[in-house]
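Just so you know, our numbering puts the end of the sequence shown at 207, numbered straight through with nothing missing. I have placed the structure first, in the form of structure tokens, so that the comments after it can refer back to it.
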Amino acid sequence: MTELLSEIISANQKFVQNKQWQEFFPVDGKPQRKAAVLTCMDTRLAGFILPALGLKRGDAKVIKTAGNSLLDNTQDPVIFSLVAAVFEMGIEEILVVGHDDCGIAKLKTEELCGKMQSRGIAPDAVKGIEDKLRAWLGHFKTIEDNVKWVCRQIQTSPLLPKTIQVHGLVMNPQTGQVRVV
Ligand SMILES: [Zn+2]
27 MTELLSEIIS
37 ANQKFVQNKQ
47 WQEFFPVDGK
57 PQRKAAVLTC
67 MDTRLAGFIL
77 PALGLKRGDA
87 KVIKTAGNSL
97 LDNTQDPVIF
107 SLVAAVFEMG
117 IEEILVVGHD
127 DCGIAKLKTE
137 ELCGKMQSRG
147 IAPDAVKGIE
157 DKLRAWLGHF
167 KTIEDNVKWV
177 CRQIQTSPLL
187 PKTIQVHGLV
197 MNPQTGQVRV
207 V
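This is the structure in structure tokens:
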């Protein structure tokens, strides 16, 4: 067990023993606002994005990926998650929320592949995903471009009903201010 995991387990025991869960009002798994939020895994957005949007625990499904991105509109696990959210959990609106200063937008395929190889990832494995990585990162000409592209993938997915509303937003990760794109 690492130091971090041992700290997490001990914090969790205290959380349960002290009944800190009581500070969180009870909610069930059905999203009260019938919304799903697809956003970035950026640490600044954790615990921040829902209050910044006026949403509470229990209001929305939250899906996080690096750069609030997906690869395509039929095969990507994000699409599968949205299919489950729409058909099983009554989601009617989807918000794609990118953010300023997104680290994924700054990634360069060659650099990332180089770092993977220098940490011992097999060259064949790196070569095998290089084109996919390039295509993935290619949508980040700007943060807005990526949000628009992702919204379009969701809107045009043959697996999702056309009645679903899809919105694109970009958030300032310090102030929480959003702009609609
Ligand atoms: Zn990001």
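The C-beta atom is built at its ideal place from N, Cα and C for all residues, glycine as well.
Alpha-carbon spacing of residue i relative to residue j, whole angstroms
i      : j      : result
ILE117 : GLU156 : 34 Å
VAL176 : GLN43  : 42 Å
ASP229 : THR182 : Residue 229 falls outside the range modelled here, since the chain spans only 27 to 207, and no answer is possible.
LEU133 : LYS45  : 42 Å
GLN80  : GLU170 : The amino acid at residue 80 is misidentified as Gln; the sequence shows Gly. Straight-line Cα distance between these residues: approximately 22 Å.
PRO77  : ARG83  : 9 Å
ILE35  : GLN48  : 19 Å
VAL192 : ALA110 : 16 Å
LEU72  : THR28  : Sequence inspection shows Ala at residue 72; the Leu mentioned does not correspond to that position. Answer to the nearest angstrom: the Cα atoms are 23 Å apart.
LEU31  : ASN38  : 10 Å
LYS141 : ILE190 : 40 Å
PRO149 : GLU137 : 14 Å
ILE180 : ASP126 : 21 Å
VAL209 : LYS87  : Outside the modelled stretch of the chain, which goes from 27 to 207, sits residue 209, for which no answer is possible.
GLN207 : GLU33  : Contrary to the premise, residue 207 reads as Val rather than Gln in this sequence. Those two C-alpha atoms are separated by around 41 Å.
VAL152 : HIS165 : 20 Å
LEU163 : LYS56  : 33 Å
LYS167 : PHE51  : 41 Å
VAL204 : ARG70  : 14 Å
Any non-hydrogen atom of ligand 1 within 7 Å of residue i CB
i      : result
GLY93  : yes
PRO75  : Checking the sequence, you will find Ile at residue 75 rather than Pro. Checking every heavy atom of ligand 1 against the Cβ of ILE75, none is found closer than 7 Å.
ILE89  : no
ASP68  : yes
GLY129 : yes
HIS125 : yes
Which of helix, strand or coil DSSP assigns to residue i
i      : result
VAL173 : helix
ASN197 : Checking the displayed sequence, the identity of residue 197 turns out to be Met instead of Asn. In this structure, MET197 counts as strand in the three-state DSSP scheme.
VAL42  : helix
ARG178 : helix
GLN203 : coil
Inter-residue CB distance, residue i and residue j (contact presumed, cutoff 8 Å)
i      : j      : result
GLU119 : LYS188 : Wrong, their Cβ atoms sit about 13 Å apart, outside the cutoff.
SER95  : ILE130 : 7 Å
LEU121 : VAL63  : 5 Å
THR100 : PRO184 : 7 Å
GLY202 : PHE74  : 7 Å
Sequence ranges, alpha helix (DSSP H) only - wholly within the stretch 47 to 132, length at least 4: Correct list: 75 to 78, 103 to 115 and 129 to 132.
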